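The structure appears below as structure tokens.
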Amino acid sequence: MEVVLEVMEDVLEVREDVLEMSGDILEVNENDDVLEEYGKDLTSVQNLLKKQQLLETDVLSHKDRIDGIRISAAQFEEQGHFDLENIKAKERQTVDRYESLQAPIVARRSRLQESLRVQQLLRDVDDEEAWIREKEPVAASNNRGRDLIGVQNLIKKHQAILSEIHNHESRIQGVTDEGKAMVDSGHFASEEITRRLGILHDHWNSLKEKAMQRKQDLEDSLQAHQYFVDADEAESWMREKMPAVCATDVGKDEDSAEALLKRHEALMSDLEAFGGTIEGLAAQAKSCRQQEAPLIDVSGKEFVQALYDYSEKSPREVSMRKGDVLTLLNSNNKTQWMGRDNVLISGFPEMQSIGGNRVMNRASQPEDVLLSLVGLVEGGGLVEGGGLVEGG
Numbered sequence: 151m152e153v154v155l156e157v158m159e160d161v162l163e164v165r166e167d168v169l170e171m172s173g174d175i176l177e178v179n180e181n182d183d184v185l186e187e188y189g190k191d192l193t194s195v196q197n198l199l200k201k202q203q204l205l206e207t208d209v210l211s212h213k214d215r216i217d218g219i220r221i222s223a224a225q226f227e228e229q230g231h232f233d234l235e236n237i238k239a240k241e242r243q244t245v246d247r248y249e250s251l252q253a254p255i256v257a258r259r260s261r262l263q264e265s266l267r268v269q270q271l272l273r274d275v276d277d278e279e280a281w282i283r284e285k286e287p288v289a290a291s292n293n294r295g296r297d298l299i300g301v302q303n304l305i306k307k308h309q310a311i312l313s314e315i316h317n318h319e320s321r322i323q324g325v326t327d328e329g330k331a332m333v334d335s336g337h338f339a340s341e342e343i344t345r346r347l348g349i350l351h352d353h354w355n356s357l358k359e360k361a362m363q364r365k366q367d368l369e370d371s372l373q374a375h376q377y378f379v380d381a382d383e384a385e386s387w388m389r390e391k392m393p394a395v396c397a398t399d400v401g402k403d404e405d406s407a408e409a410l411l412k413r414h415e416a417l418m419s420d421l422e423a424f425g426g427t428i429e430g431l432a433a434q435a436k437s438c439r440q441q442e443a444p445l446i447d448v449s450g451k452e453f454v455q456a457l458y459d460y461s462e463k464s465p466r467e468v469s470m471r472k473g474d475v476l477t478l479l480n481s482n483n484k485t486q487w488m489g490r491d492n493v494l495i496s497g498f499p500e501m502q503s504i505g506g507n508r509v510m511n512r513a514s515q516p517e518d519v520l521l522s523l524v525g526l527v528e529g530g531g532l533v534e535g536g537g538l539v540e541g542g
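When we follow the working numbering, the leftmost residue of the sequence shown carries the number 151, and every step to the right adds one.
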């Protein structure tokens with residue numbers, strides 16, 4: 151009788167433990183949110199898996215006691231115990247209850263593993279979103295360079311950004327493939343996975359579009375700044391010819407006059423040949439996609455253009471020719487400008503503002519200078535045979 155009581159007490163104790171474990175396993179979160187019930191983020195899922203492991207260990211530790219109850223019940227049955235029916239009923243209830251824990255345990259572990267998988271995916275998506283946000287300001291920058299060298303440096307830097315984006319494509323694709331595989335397998339969080347992947351791809355495509363647009367903008371800026379450099383070189387060449395064109399020396403005798411005439415003819419030949427360069431510049435200007443590039447840089451400077459030739463009258467002044475471009479020093483003082491070689495110029499009322507320069511506006515300047523040179527050469531006086539004649 152004493153043995154029976156001990157067995158029954160053990161049965162009751164095990165039964166209580168099993169009921170408690172059953173409650174832990176079958177507990178459901180009241181908000182019915184599957185992602186919340188199985189962990190709202192990666193850390194919480196990992197914590198739930200640790201608890202699950204402890205619960206499984208606890209259930210497994212009761213197996214020996216369940217086996218002991220089965221053996222004891224079988225022995226009582228062999229002995230024909232008077233209370234066998236009651237003993238067998240308690241044994242069946244306890245064993246059945248214990249065995250009923252196995253399926254929920256397996257199901258919950260599987261669910262937690264799936265939750266771990268989706269939370270890891272969402273963490274990866276967050277990481278990719280952060281990477282995109284980090285690169286976006288650089289990829290979408292409006293800085294197009296202040297000069298030719300500046301643009302070239304920006305293009306090199308942007309090429310590095312484009313390489314980073316290209317190399318990162320495989321990472322985005324990997325996250326996408328993992329998410330699609332989960333959706334295709336009927337994952338319980340398929341709706342959330344699809345939503346997050348859609349947002350990620352929108353941001354990724356936006357980054358690539360902005361990067362490609364900046365590539366085009368920088369190429370346009372390079373084209374414009376290259377034109378400005380070429381135009382400046384052309385004007386520099388023509389300025390070098392200006393002293394010869396404006397020279398007043400007509401020769402002291404026939405020999406010197408003939409020498410000057412030959413130089414004049416050579417100069418005319420040079421100017422005529424240079425017309426091809428000017429035509430090339432005009433075509434180059436028309437092909438520029440960026441027509442609003444600043445004359446010198448994009449720092450917001452304001453420019454003016456001389457309306458007529460001017461000869462200096464004091465040390466604070468400089469001579470200039472019609473069409474020379476100067477930079478405004480003080481927006482509140484429209485009579486102070488910076489000329490070539492950073493010389494301060496004050497007090498010239500006959501200037502017109504040209505503001506932000508257009509390529510096509512700039513394109514007319516080299517041609518105007520060349521026409522002025524040709525006009526001066528054709529209208530200059532030359533000495534031939536000791537007499538003054540009109541130059542051809």
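We treat Cβ as the ideally placed atom computed from N, Cα and C, and that holds for glycine. Model, not experiment: these values are computed from the prediction.
With a cut-off of 8 Å on the beta carbons, I'd call residue 381 and residue 417 a contact; round off their distance for me. Actually they do not touch by this definition, with Cβ atoms about 21 Å apart.
Are residue 286 and residue 192 close, meaning C-beta to C-beta below 7 Å? no
Could you tell me how far apart the beta carbons of residue 289 and residue 311 are, in whole angstroms, since I believe they sit closer than 8 Å? 6 Å
Restricting to Cα atoms, I'd like to know which of 327, 435, 208, 244 is closest to residue 218. 244
Looking at residue 272 and residue 328, is the spacing between their C-beta atoms short of 7 Å? no
Output the distance between the C-alpha atoms of residue 200 and residue 190, rounded to the nearest integer angstrom. 15 Å
Distance, Cα to Cα, residue 448 vs residue 294? Residue confidence is low: residue 448 scores 38 on pLDDT, short of 50, so the model does not pin down where it sits. Its coordinate-derived value is still stated next. Approximately 8 Å, taken between the alpha carbons.
What are the start and end residues of the alpha helix (DSSP H) that includes residue 338? Per DSSP, residue 338 belongs to no alpha helix (DSSP H) and is neither H nor E.
Distance between residue 240 and residue 233 (C-alpha atoms, nearest Å): 11 Å
Does the beta-carbon of residue 242 have 16 or more other beta-carbons within 10 angstroms, so that it is buried, or is it exposed? exposed
Distance CB(residue 237)-CB(residue 224) smaller than 7 Å: no
Determine the direct distance from the alpha carbon of residue 411 to that of residue 404, and round the result to whole angstroms. 10 Å
Rounded to the nearest angstrom, how far is the Cβ of residue 251 from that of residue 198, given a contact under 8 Å? With a Cβ gap of about 17 Å, residue 251 and residue 198 do not count as contacting.
Count the CB pairs spanning the region 328–344 and the region 369–384 that are closer than 8 Å, and state whether there are at least three. no
Let me know if residue 363 comes out buried or exposed under the rule of 16 or more other beta-carbons within 10 Å of its beta-carbon. exposed
Count the other CB atoms within 10 Å of the CB of residue 431; is the residue buried (16 or more) or exposed (fewer)? buried
Just the Cα atoms here: how many angstroms apart are residue 302 and residue 377? 14 Å
By Cβ distance below 8 Å, which residues in the same chain neighbour residue 437 in space, the five residues on each side in sequence not counted? 373
Excluding the 5 residues preceding and the 5 following residue 220 in the sequence, name in chain order all residues of the same chain whose CB lies nearer than 8 Å to its CB. 241, 245
Do you know offhand how far residue 300's Cα is from residue 348's? 38 Å
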